[in-house]
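Trainee: Chains as they are written, first to last, in the working numbering: chain R, 338 to 635; chain L, 338 to 635. The beta-carbon is built from N, C-alpha and C at its ideal position, and this holds for glycine as well. Questions regarding the structure given below will be posed in turn.
Protein chains: 2
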Amino acid sequence: MNKVVIVGVGLIGGSFARALKKAGAVRHVVGIERSAAYGARALALGIVDEVATDFAAVADADMVLLAAPVAQTGRILAALAPHLSPGTVVTDAGSTKADVAAAARAALGERVRQFVPGHPIAGRETNGPDAAIVDLYVGKKFVLTPLAENAPADVEKVAEAWRACGAIIHRLTPEEHDKVFAAVSHLPHLLAYALVDDIANKPHADLLFQYAASGFRDFTRIAGSSPEMWRDISLANSAALLTELDAYMAQLAQLRARLAAGDGATLEAVYGNAQRARRQWIEAIEAAEAPPPADSAE
Amino acid sequence: MNKVVIVGVGLIGGSFARALKKAGAVRHVVGIERSAAYGARALALGIVDEVATDFAAVADADMVLLAAPVAQTGRILAALAPHLSPGTVVTDAGSTKADVAAAARAALGERVRQFVPGHPIAGRETNGPDAAIVDLYVGKKFVLTPLAENAPADVEKVAEAWRACGAIIHRLTPEEHDKVFAAVSHLPHLLAYALVDDIANKPHADLLFQYAASGFRDFTRIAGSSPEMWRDISLANSAALLTELDAYMAQLAQLRARLAAGDGATLEAVYGNAQRARRQWIEAIEAAEAPPPADSAE
Numbered sequence: 338m339n340k341v342v343i344v345g346v347g348l349i350g351g352s353f354a355r356a357l358k359k360a361g362a363v364r365h366v367v368g369i370e371r372s373a374a375y376g377a378r379a380l381a382l383g384i385v386d387e388v389a390t391d392f393a394a395v396a397d398a399d400m401v402l403l404a405a406p407v408a409q410t411g412r413i414l415a416a417l418a419p420h421l422s423p424g425t426v427v428t429d430a431g432s433t434k435a436d437v438a439a440a441a442r443a444a445l446g447e448r449v450r451q452f453v454p455g456h457p458i459a460g461r462e463t464n465g466p467d468a469a470i471v472d473l474y475v476g477k478k479f480v481l482t483p484l485a486e487n488a489p490a491d492v493e494k495v496a497e498a499w500r501a502c503g504a505i506i507h508r509l510t511p512e513e514h515d516k517v518f519a520a521v522s523h524l525p526h527l528l529a530y531a532l533v534d535d536i537a538n539k540p541h542a543d544l545l546f547q548y549a550a551s552g553f554r555d556f557t558r559i560a561g562s563s564p565e566m567w568r569d570i571s572l573a574n575s576a577a578l579l580t581e582l583d584a585y586m587a588q589l590a591q592l593r594a595r596l597a598a599g600d601g602a603t604l605e606a607v608y609g610n611a612q613r614a615r616r617q618w619i620e621a622i623e624a625a626e627a628p629p630p631a632d633s634a635e
Numbered sequence: 338m339n340k341v342v343i344v345g346v347g348l349i350g351g352s353f354a355r356a357l358k359k360a361g362a363v364r365h366v367v368g369i370e371r372s373a374a375y376g377a378r379a380l381a382l383g384i385v386d387e388v389a390t391d392f393a394a395v396a397d398a399d400m401v402l403l404a405a406p407v408a409q410t411g412r413i414l415a416a417l418a419p420h421l422s423p424g425t426v427v428t429d430a431g432s433t434k435a436d437v438a439a440a441a442r443a444a445l446g447e448r449v450r451q452f453v454p455g456h457p458i459a460g461r462e463t464n465g466p467d468a469a470i471v472d473l474y475v476g477k478k479f480v481l482t483p484l485a486e487n488a489p490a491d492v493e494k495v496a497e498a499w500r501a502c503g504a505i506i507h508r509l510t511p512e513e514h515d516k517v518f519a520a521v522s523h524l525p526h527l528l529a530y531a532l533v534d535d536i537a538n539k540p541h542a543d544l545l546f547q548y549a550a551s552g553f554r555d556f557t558r559i560a561g562s563s564p565e566m567w568r569d570i571s572l573a574n575s576a577a578l579l580t581e582l583d584a585y586m587a588q589l590a591q592l593r594a595r596l597a598a599g600d601g602a603t604l605e606a607v608y609g610n611a612q613r614a615r616r617q618w619i620e621a622i623e624a625a626e627a628p629p630p631a632d633s634a635e
């Protein structure tokens, strides 16, 4: 590609730029950054070749990546729409996809065909341009969630860029994506936040935390994530998250009844099923970290 | 001590024996083992000096440690009671304490004064004599939960033995212990098992597990624990666990209502409170891993 524009040059956008450059997949990278400090830093680090504050910078780009907070997607797309050339493909890296698709349709109208949404399954606990690393996406999944309006060639162009970053391309619809991540990511985050908040609000919280050990530490690690980001994800995906939460609360109510009845056989069956399923999952990860199963990969 | 008897020479009992020996705190260690293979292996590894199958072996012991599954505590105490000398102190390593205290009173009658219950907060995912290591307890908490019937000198004798293994001695009543661990250990285990079982039972479980990532892996690590052991812990501590589970389910119901109402401010407040509390807890751990606060330590 001749020119790629990255909106938001933090961990996600900066790592994408670094990886594309290393792969020789781009000639010129422009960063659009609200934060003058981030923009200057990204330039100094060589992550971008140029910093712009005006969305007119997207005019002759081959590709635009939105890597700003997902709640800003609609606003950003509306701002860049007047400058969008017909040959430019726009993509994003947001953690929720149905809301992004809806925001894109509202902001872009029929030019939504140029917007191919996606979600790289990678992250770190740090942020900003200094956190950006060249190999963040190597061996990680990138979930493409194309729209019915997208041209196959544009979808492939986005897939090719992420492949150049080392990612393994998967494909789901935006709705499938949101259901899957509600179950395996968004719900666990909510559950971990809820447990720590529950304990922190008890009068003897200090005593409790004093005896919390490594199991508690791992269980609640995701409760160390950004509250603002997870508020946005929870709200953006609230329909799917509520469905998963309701199923989980029904499961807890059943387990509660079995526990109150002293039904050790059922408790052991549930615990044993969970242990077995988790072991199979871990073994599957370890056996095939790199190539995804043929039926799910692009 | 001249003679220590370990009932169950697996990870917990074997590591206690190894650590006492290394500290020069015992002359002769006898293992009582139902499994002939474990007994022979513990002898071959030098963990014990002698293996017995008859509880008469406790007759002239200075100390007896019960390190068999906690559900067997009553049976074991009843079996060793006829052989118990007045000068012998018996202790245990079970994960629940009120049920152990009740079982001890039932099995030992007035000689329950010789039984000082406790709980080392240490473990690994392996078991058996080969898993036993000399430094398992170094820097770890040992929670002494003495009974009203215990003589202070006997309580101190048990504390001294665990101190010799490198543990930091804390003290709670059996009831306090069970309430604390219901909140910070038993409930998280139940929640993790419930989530994995919930997902594993969905028709599209394979798709979901395919996209589960490191956050899910950490959140559910404790669902890899022994189903039998956690069935026993859940049942033994069901009263305190039900109390914690009910509080958590009420918390989830509140969060569900806020999520359904699109109340981002409350979600962010709960998530933020959890993130803050967890950060403070982690900082407290890191700042003072070794010496416990004066008001909680022995």
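Exposed or buried, which one is R:D535 when buried takes at least 16 other CB atoms within 10 Å?
Mentor: R:D535 comes out buried.
Trainee: Provide the residue(s) that pair with R:P457 in DSSP beta bridges, ordered along the chain.
Mentor: Note: R:P457 sits in a beta bridge opposite R:F479.
Trainee: Are the beta-carbon atoms belonging to L:A398 and L:V341 less than 8 angstroms from one another?
Mentor: Going by C-beta atoms, L:A398 is nearer than 8 angstroms to L:V341.
Trainee: Can you name the residues of chain L whose CB is closer than 7 angstroms to the CB of R:P564?
Mentor: Neighbours of R:P564 on chain L, chain order: E605, Y608, G609, Q612.
Trainee: Just to confirm my understanding: we take R:K359, look at its own chain, exclude 5 residues before and 5 after, and list those with CB closer than 8 angstroms. What are they?
Mentor: Only V471 meet the Cβ criterion.
Trainee: Is there a Cβ from chain R that is less than 8 angstroms from the Cβ of L:D491?
Mentor: L:D491 does not count as touching chain R.
Trainee: Is the separation between the beta-carbon of L:G361 and that of L:V385 shorter than 8 angstroms?
Mentor: No, Cβ-Cβ distance for L:G361 and L:V385 is not below 8 angstroms.
Trainee: Taking C-beta pairs closer than 8 angstroms, name the residues in chain R that L:I559 reaches, listed in chain order.
Mentor: Residues of chain R passing the Cβ test: G552, D555, F556.
Trainee: In terms of residue numbering, what span does the beta strand (DSSP E) encompassing L:V426 cover?
Mentor: Per DSSP, L:V426 belongs to the beta strand (DSSP E) from 426 to 429.
Trainee: How would you write the range of the alpha helix (DSSP H) that R:E462 sits in, first residue to last?
Mentor: Run containing R:E462: none; DSSP gives neither H nor E here.
Trainee: Taking just the CA atoms, how far does L:A404 sit from L:F353?
Mentor: Approximately 9 angstroms between the Cα atoms of the pair.
Trainee: Closest Cβ-Cβ distance between L:W499 and chain R: below 8 angstroms?
Mentor: For L:W499, the answer is no, since every Cβ of chain R falls outside 8 angstroms of its Cβ.
Trainee: Which complete alpha helix (DSSP H) runs does the stretch 523 to 585 of chain L hold, if anything under 4 residues is left out?
Mentor: Qualifying alpha helix (DSSP H) stretches, in chain order: 524 to 537, 542 to 548, 551 to 556, 564 to 573.
Trainee: Use the C-beta contact count for L:D491: other C-beta atoms within 10 angstroms, 16 or more gives buried, fewer gives exposed.
Mentor: Counting Cβ neighbours within 10 Å, L:D491 comes out buried, since at least 16 surround it.
Trainee: Among all the DSSP beta bridges, which residues are the ones paired with L:G368?
Mentor: According to DSSP, L:G368 bridges with L:I343, L:V388.
Trainee: Would you verify that the beta carbon of L:L578 is, or is not, closer than 8 angstroms to some beta carbon of chain R?
Mentor: True, the Cβ-Cβ gap to chain R drops below 8 angstroms.
Trainee: Taking buried to mean at least 16 other C-beta atoms within 10 Å of its own C-beta, is L:E620 buried or exposed?
Mentor: Flag for L:E620 reads exposed.
Trainee: Mind the definition here: the stretch 552 to 572 of chain L touches the stretch 558 to 565 of chain R only if three or more C-beta pairs lie below 8 angstroms; say whether that holds.
Mentor: Contact between the stretch 552 to 572 of chain L and the stretch 558 to 565 of chain R is present, because at least three Cβ pairs lie under 8 angstroms.
Trainee: Would you please verify whether the beta carbon of R:F452 is less than 8 angstroms from any beta carbon of chain L?
Mentor: Not closer than 8 angstroms to any Cβ of chain L, the Cβ of R:F452 fails to qualify, so no.
Trainee: Taking beta-carbon pairs under 8 angstroms, can you tell me which members of the stretch 527 to 539 of chain R lie near chain L?
Mentor: Residues passing the 8 angstroms Cβ filter: L527, L528, A529, Y530, A531, L532, V533, D534, D535, I536, A537, N538, K539.
Trainee: When burial is assigned at 16 or more other CB atoms within 10 Å of the CB, is R:A634 buried or exposed?
Mentor: For R:A634, the pLDDT reaches just 40, beneath the cut-off of 50, and the residue's location in the model is therefore unreliable, although a value from the coordinates is still provided. Exposed, because fewer than 16 other Cβ atoms sit within 10 Å of the Cβ of R:A634.
Trainee: Note down, one range per segment and in chain order, each alpha helix (DSSP H) of at least 4 residues found wholly within the stretch 581 to 628 of chain R.
Mentor: Taking only runs of at least 4 residues, the alpha helix (DSSP H) segments lying wholly in the stretch 581 to 628 of chain R are 601 to 624.
Trainee: If the cut-off is 8 angstroms on Cβ atoms, which residues from the stretch 436 to 462 of chain R count as contacting chain L, listed in chain order?
Mentor: Within the stretch 436 to 462 of chain R, the qualifying residues are I458.
Trainee: To which residues of the same chain is L:S422 closer than 7 angstroms at the C-beta, ignoring the five residues directly before and after it?
Mentor: Result list for L:S422: A396, D397, in chain order.
Trainee: Checking 8 angstroms against the spacing of the C-beta atoms, do L:A468 and L:L348 come in under that value?
Mentor: Going by C-beta atoms, L:A468 is nearer than 8 angstroms to L:L348.
Trainee: What did DSSP end up calling R:V401 once you bin it into helix, strand or coil?
Mentor: DSSP places R:V401 in strand when its eight states are reduced to three.
Trainee: Out of R:G383, R:V346, R:A498, point me to the one whose CA is closest to R:T390's CA.
Mentor: Of the candidates R:G383, R:V346, R:A498, the one whose C-alpha sits nearest the C-alpha of R:T390 is R:V346.
Trainee: Can you confirm whether L:S575, when its beta carbon is compared against all beta carbons of chain R, has any partner nearer than 8 angstroms?
Mentor: For L:S575, the answer is yes, since a Cβ of chain R falls inside 8 angstroms of its Cβ.
Trainee: Alpha carbons only, please: which of L:Q409, L:V407, L:A356, L:F392 is nearest the one belonging to L:G383?
Mentor: Among L:Q409, L:V407, L:A356, L:F392, the Cα nearest to that of L:G383 belongs to L:A356.
Trainee: Give the straight-line distance between the Cα atoms of L:T603 and L:A498, rounded to the nearest whole angstrom.
Mentor: Approximately 49 angstroms, taken between the alpha carbons.
Trainee: Relative to the C-alpha of L:A501, which candidate in L:T482, L:K478, L:T510 has its C-alpha closest?
Mentor: The option with the nearest alpha carbon to L:A501 is L:K478.
Trainee: Going along the chain, which residues of its own chain have a beta-carbon closer than 6 angstroms to the beta-carbon of R:K516, five neighbours each way excluded?
Mentor: The answer, listed in chain order, is A577.
Trainee: Consider the Cβ of L:G601: report whether some Cβ of chain R lies at a distance smaller than 8 angstroms.
Mentor: Output row for L:G601: interface = yes.
Trainee: Please confirm whether L:M338 has its beta-carbon closer than 8 angstroms to some beta-carbon of chain R.
Mentor: Not one chain R Cβ lies under 8 angstroms of L:M338.
Trainee: List the endpoints of the continuous beta strand (DSSP E) containing L:H507.
Mentor: 505 to 508 is the extent of the beta strand (DSSP E) around L:H507.
Trainee: Does L:E635 get closer than 8 angstroms to chain R when you measure Cβ to Cβ?
Mentor: Reliability of the predicted coordinates at L:E635 is poor, the pLDDT of 37 falling under 50, and no value is obtained from them.
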